[in-house]
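Take a look at the structure below.
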Amino acid sequence: MQRRAEKAITIIGEGQWGLALGSLFSESFQTITYLNSSSSEKDWKKALDKRPMVITACPFAALPKVLQRLSSFKITALVNASKGIDQKSLMTFTRMTKKYLKVPTATLSGPTFAKEVLEKKPTACVLAGESASFVRDLAKKLSTNYFRIYVSSDPIGVEACGAMKNVLAIACGISDGLRLGQNARAALLTRGLIELRSIVEKLGGRAETVFGLAGVGDLWLTATGDLSRNRRLGLALAEGLSVKSALKKINGTCEGLYTAKQIYTLAKNHRMDLPISEQVYSICFKGKDPKTALFELMNRELKSEESSSSKGRRT
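Remember, the working numbering sits 906 above the position in the sequence shown when you count from 1.
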């Protein structure tokens, strides 16, 4: 289907994901420019003077700086394609952006490896925002015959899922790296969903979002797919490598490593029981032996599955 090309889009993030989005959206936009958080003011001015729609595909830790810079320009809309939680405010993208900008916003998330998007392999994701008309119209504009976009009115839930699943993917990589078996993987992912839902609800999202593309879909992909850097970090840690050595081996950003800190802080602040996430934090930042972490998980006090699956109960 031939679509009318819009004027301009600026993608902030020159990694593989940013390039994949640029390739994907080239059918809908006449002009695509790329920036990163460290680009010069001259480059930013040149790219943003045409009042483009902006897509952020940079590491989430860089977003506060990016949003602050964007607040000096007049843009038409902002779409987030990064996954994480802000270190200072412990907010996800939608709420944290309100401090800087007053434009329509949305978050694009779901099970999407950049390599497969670039190869035009069939992919489905979700676009979430507070404005139903904005999200619906943008989804129609950006969908292709290989990239299908579903819409959601729960951006907080979608963003929380995108952040938390990376932490659980590290845990799954550790489990598989220790050769614990498929029984262990199934148990880990299932119990991880309980922790995922707890974080989603605590941040203000809806529980049902966990069972969509941004939740279960992205968790399954990131936790089991060999293209996942977070999974590969877990595999490397299971080999006995330090975090520094593991990151060097992977040669890329692992958002789950940084998100583990925020999840740990949220859990402590709100007295949440997130045993898998806590062990990932301890392995990554306290040097705990992964085998010791496994022993502690398996020897927790026995409990009813119904109690830990009920809203408001500790997991």
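All C-beta atoms in this analysis are idealised placements derived from N, C-alpha and C, irrespective of residue type, glycine included.
Query, Result
"Specify, as a first and last residue, the run of the beta strand (DSSP E) that Q936 falls within.", "935-941"
"Should A1045 and L1084 be called a contact, given that it needs their Cβ atoms to be closer than 9 Å?", "no"
"With F1040 as the anchor, note down where its alpha helix (DSSP H) starts and where it stops.", "1038-1048"
"On the DSSP letters alone, give me the boundaries of the beta strand (DSSP E) that C1031 sits inside.", "1029-1034"
"Any beta carbon from chain D within less than 9 Å of A1038's own beta carbon?", "Chain labels in this structure do not include chain D; a single protein chain is all it has."
"Where does F1222 land, buried or exposed, given buried means 16+ other C-beta within 10 angstroms?", "The requested residue 1222 is not part of the displayed model; the chain covers only 907 to 1221."
"Can you tell me whether P1222 is buried or exposed? The criterion is at least 16 other CB atoms within 10 Å of its CB, across all chains shown.", "Given a span of 907 to 1221 for the chain in the structure shown, any question on residue 1222 remains unanswerable."
"Out of E933, I917, V1186, G921, state which residue places its alpha-carbon closest to the alpha-carbon of T939.", "I917"
"So is D1060 buried or exposed if we call it buried at 16+ other beta carbons inside 10 Å?", "buried"
"Grouping DSSP H, G and I as helix and E and B as strand, with all else coil, what is S1134?", "coil"
"Is it true that the CB of C1067 sits closer than 9 Å to the CB of G1121?", "yes"
"Please classify G1158: is it buried, with 16 or more other beta-carbons within 10 angstroms of its beta-carbon, or exposed?", "exposed"
"Would you kindly report the start and end of the unbroken beta strand (DSSP E) that includes L1109?", "Segment 1088-1109 is the alpha helix (DSSP H) holding L1109; no beta strand (DSSP E) there."
"Tell me the residue span of the beta strand (DSSP E) that contains S1055.", "Inspection of the sequence shows that residue 1055 is occupied by Ile rather than by Ser. Segment 1053-1058, the beta strand (DSSP E) holding I1055."
"Where do the ends of the alpha helix (DSSP H) carrying V1186 lie?", "1181-1191"
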